[in-house]
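Take any residue in the first sequence, note its place counting from 1, add 3, and you have its number in this note's numbering. What follows is a set of notes on a single structure, which appears directly below.
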Amino acid sequence: MIKVTLPDESVKEVEQGTKVSEVASSIGSGLARNALGGMVDGEVVELNHPITKDCRLKILTFDDDEGKLILRHTASHVMAQAIKRLFPEAKLAIGPAVDDGFYYDMDIDRSFTPEDFGPIEVEMKKIVDADYPIVREVKSKDEAIKFMKDKGEPYKVELIEDLPDGEEISFYTQGEYTDLCAGPHLPSTGMVKVFKLLSVAGAYWRGDEHNKMLQRIYGTAFTKKKDLEDYTNMLEEAKKRDHRKLGKELDLFSIQDEGPGFPFFHPNGMILRNELESFWREEHAKRGYQEIKTPIILNEDLWHRSGHWDHYKDDMYFTKIDGETYAIKPMNCPGSILVYNTHLHSYRELPIRLAELGIVHRHELSGALHGLMRVRCFTQDDAHLFMAPEQVKEEVLKVIDLADYFYKLFGFDYHVELSTRPENSMGTDEQWAKATDDLKDALEATGMDYKINEGDGAFYGPKIDFHLRDSLGRTWQCGTIQLDFQMPERFELVYIGQDGEKHRPVMVHRTILGSIERFIGILTEQFAGAFPVWLSPKQVQIIPITDKHQKYAEEILESVKKAGIRADIDTRNEKMGYKIREAEVQKTPYMIIVGDKEAESGSVSVRERKKGDIGSISLDSFIDMVKEKINSKAID
RNA sequence: GCUGGCGUGGCUCAAUCGGCAGAGCAGCUGAUUUGUAAUCAGCGGGUUGUAGGUUCAAGUCCUAUCGCCAGCUCCA
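Below you can see the structure in the form of structure tokens.
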């Protein structure tokens, strides 16, 4: 007998070789029904897995991320089997489970369209109803290669060839279908009860744009029909929060055919933006930043010196002035460096923090453009910090702290990545190792979780990136902290040390919001357009019930405006309900309704966005309340 | 850039097999003077993204091109 310790610390004695599914049954029939796999001493295993020694066991269900992955991975095999039945000529590539579902990549001459989903789903249903057992077997590398060659699956052969020699290679068979796969899987196809195919897309073989583009079909799977319905409803709801839709509805910005990727900010969007920027300025001034503004167009020669010509040229725009080539800046760093170099600096001044809300232009691929999230012209809330090498850690920690302060203010969840040396980069391995270690040290000192993103650093240095989520859960890089030993050398930056000698400063490039445009996109989706009061383009909508009340409404407007609150009167000849509806649709935080009662008593009737009527109060207390919300930058 | 899908009044969408381009909202005019999410009536508004082609006839079919959407690649 062996001892199995369950998550509640209870211990079950079972026979050697008992399967995970059998343990689940012995715990309870409900758990047995919902079980999708197991976790044995931290390792994910399938339900058929025999337990051979004392261990800790957790039964995985759909509530566990690992359970979801097992179900969806099997679902991807079911889909691939169905597609092979309908299109035997399709060559299989890879088919993993992903966050919200699964996909399978295949190579086939005809292109899949959403019309193919119906027949494929019907075939999948047959496979599920047949409830084929899913059987794992292991082959040697040579056997595996021969097997897939015989089946005419060149992509599988390539995958196997890249596996290390001597390793056992697992295959899973369900009915007539056998796939190369590390698993784990469900014990039978009948357990894939609820699924739906969602979209088709092209995807490069092995994610490399030089390789052939395969066809990818995305789908998702759940254990309960209700969960699938909830998921599709969630997608519908997310569409309503889309900043591109809200940007239009709230008249914040537009992107037009005349300038793909070049957003226009409308008056409402500018109010929000200016509020955000002035707050940004205040917070940076408090922390010892000095603001600068550098030109958008600078001579090509500068970009040769900075390394951008060699490493970034394809993403840059150029123009000619008096026969000379100029570049439209894709980054603010060279300009900032030129400012630094206008003086000789003492160690006493360091760190020098030059901040710039700098407009940069980058030639992003047309297919990559996405509302305000990815554009070809954006404003970085940039800063370049020039410091002595021993100041790096402290300075980086201050930046991390500042980013955290900004994100927390809006209630954002974020995650952090450390990006290391990319292929096409400047400098020596030693410099990169030192810079990467410096950033790692700082991250370790904060104790925050972070993920390593190999090869994704800037061409001049490694970086810490802060990622925020949009309404659909896609993540976008916002803040970044990049450590740079290259540009100080290339531009021969110096400061005079205590010893009277010249020393080379280290440079940190950093943003907090990332791009003002992208950040506004994220903000819009986070709040579904119902911005915190301090950012709302219109903070108070005054609604006179009839035109008799207009005069009193105007007196109120004057007082509210005098208090520094953005307000307006809806004087249109419409019923009150109509005006309220419009203010609600526009997500105006407060409405003041004024009629006979208010005019007589000198009070205001207040309605709060989403909450409805909150009763009558004096104008003064209303103003105090709104100002408190604004000053505290409260989020609802 | 690549793969697939989609472009019809300001907005959201309709138009059967190729057969007279339509509705709601918004806008304008008038009536109505209203108590917490849409008052009523009338009016104006379109070269169907653009350029070609097929056809007696094109929103609809074909070609090219521009843009948008999803994904890939890339990135703040």
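Glycine included, C-beta positions come from ideal geometry on N, C-alpha and C.
Checklist line | Inter-stretch contact at 8 Å, needing at least 3 Cβ pairs: the segment 131–149 / the segment 168–177 | finding: yes
Next item on the list: Please classify His348: does DSSP put it in a helix, a strand, or coil?
Entry: strand
Item checked: Reference Pro298, options Tyr329, His552, Glu69 and Gly338, closest by Cα -> Gly338
Notebook entry, point to check: Is His348 closer than 8 Å to Ile355 when the C-beta atoms are compared?
Noted result: yes
Next item on the list: Would you tell me roughly how many angstroms separate the C-alpha atoms of Trp312 and Glu520, rounded to the nearest one?
Entry: 26 Å
Notebook entry, point to check: Out of His52, Asp66, Arg59 and Ser369, which has the shortest C-alpha to C-alpha gap to Asp11?
Noted result: Arg59
Next item on the list: Would you mind reading off the limits of the alpha helix (DSSP H) that contains Lys554?
Entry: Gln553 to Lys565
Next item on the list: Whole angstroms is fine: what's the gap from Gly370's alpha carbon to Phe115's?
Entry: 20 Å
Next item on the list: Give me the Cα-Cα distance between Leu9 and Lys229, rounded to the nearest whole angstrom.
Entry: 29 Å
Margin query: Please classify Ile274 as buried or exposed, where buried requires at least 16 other C-beta atoms within 10 Å of its C-beta.
Written below: buried
Item checked: Beta-bridge pairing of Leu486 - partner residues as DSSP gives them -> Val511
Check: Beta carbon of Ile123, beta carbon of Leu89: below 8 Å?
Finding: yes
Next item on the list: Please list, in chain order, all residues of the same chain as Asp318 whose beta carbon is under 7 Å from its beta carbon, the five residues on each side excluded.
Entry: Pro333, Arg365 and His366
Next item on the list: Please list the segments of the alpha helix (DSSP H) lying wholly inside the segment 321–386, counting only runs of 4 or more residues, in order along the chain.
Entry: 336–343
Item checked: Option in Glu327, Glu631, Ile62 and Gly567 with minimal Cα separation from Gly647 -> Lying before the first or after the last residue shown, residue 647 is absent from the chain, which here runs from 4 to 639.
Next item on the list: Classify Thr235 as buried or exposed, calling it buried when 16 or more other Cβ atoms lie within 10 Å of its own Cβ.
Entry: exposed
Note to self: Helix, strand or coil, according to DSSP, for Asn427 in the structure here?
What the structure shows: coil
Checklist line | Pick from Trp479, Thr478, Leu446 and Gly450 that is closest to Ile467, judged by C-alpha positions | finding: Leu446
Note to self: Since Glu398 and Leu388 should fall inside the 8 Å C-beta cutoff, what is the C-beta to C-beta distance between them, to a whole number of angstroms?
What the structure shows: 6 Å
Check: Nearest CA to the CA of Leu538: which residue from Gln84, Ile546, Met390 and Phe522?
Finding: Phe522
Next item on the list: Taking 8 Å as the cut-off, decide whether the C-beta atoms of Asp473 and Trp479 are in contact.
Entry: yes
Next item on the list: Less than 8 Å between the CB atoms is what I'm expecting for Ala78 and Phe198, so what's the real figure, rounded?
Entry: 5 Å
Check: Given Gln84, which residues of its chain have a CB within under 6 Å of its CB, disregarding the five upstream and five downstream residues?
Finding: Ile130 and Tyr180
Note to self: In this structure, how does DSSP classify Asn456 when only helix, strand and coil are distinguished?
What the structure shows: strand
Notebook entry, point to check: Three-state secondary structure (DSSP) at Gly41?
Noted result: strand
Next item on the list: Check each candidate in Trp435, Asp407, Leu496 and Ile545 and name the one with the smallest Cα separation from Cys481.
Entry: Asp407
Notebook entry, point to check: Name the DSSP beta bridge partners of Pro94, please?
Noted result: What sits at residue 94 in the sequence shown is Lys, not Pro. Lys94 pairs with Asp110.
Check: Which whole runs of the alpha helix (DSSP H) in the segment 133–194 are 4 residues long or more, in chain order?
Finding: 144–153 and 157–164
Margin query: Measuring CB atoms only, is the segment 491–499 touching the segment 534–550, in the sense that at least three cross pairs come out at less than 8 Å?
Written below: no
Next item on the list: Let me know if Ala556 comes out buried or exposed under the rule of 16 or more other beta-carbons within 10 Å of its beta-carbon.
Entry: buried
Check: Counting Cβ pairs closer than 8 Å, one from the segment 453–460 and one from the segment 415–426, do we hit at least three?
Finding: yes
Check: Going by DSSP, what residues sit across from Ser422 in a beta bridge?
Finding: Asn456 and Lys466
Next item on the list: Determine, using beta carbons only, whether Leu372 and Pro263 come nearer to each other than 8 Å.
Entry: yes
Check: Considering only residues of the same chain and omitting the five flanking positions on each side of Gly291, which have a CB-CB separation below 7 Å?
Finding: Arg356
Checklist line | Which of helix, strand or coil DSSP assigns to Gly205 | finding: strand
Checklist line | Euclidean distance between Cα positions of Trp1 and Ile295 | finding: In this structure the chain extends from 4 to 639, so residue 1 is not present and cannot be described.
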